[in-house]
Amino acid sequence: MNTKVVASVVGGLVVLFFLYGQYESYRKDAELRQDCEKADRIVKESIKQNDQKGETPSSAESFGNIGLVFFSRSEECQRVRGR
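Count the sequence shown with our numbering and you get residues -19 to 63, in order.
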């Protein structure tokens, strides 16, 4: 009888650890998805502002935007978006 109780407790703990791992994975993906969406918004707003001004961005601004563009188009962002 004791072995059944121990087996049940161990089985329950295994299930809890599995569910916690799934939760953490989902939470990290949600955070990454928000970061990707934020990067997309910043890049689109910057392009829109430069088009309205009729200007080309400075080299420092371009460098920052290139980093955001690469991040927003990265494999991680594509994965969390489901593309």
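Yeah, the Cβ is synthetic: ideal placement off N, Cα and C, and Gly gets one too.
- Boundaries of the alpha helix (DSSP H) around residue 21: -18 to 33.
- Taking the Cα positions, residue 14 is about 10 Å away from residue 60.
- Of the other Cβ atoms in all chains shown, 16 or more fall within 10 Å of the Cβ of residue 19; this residue is therefore buried.
- Here residue 22 is near residue 48, since their CB atoms are less than 7 Å apart.
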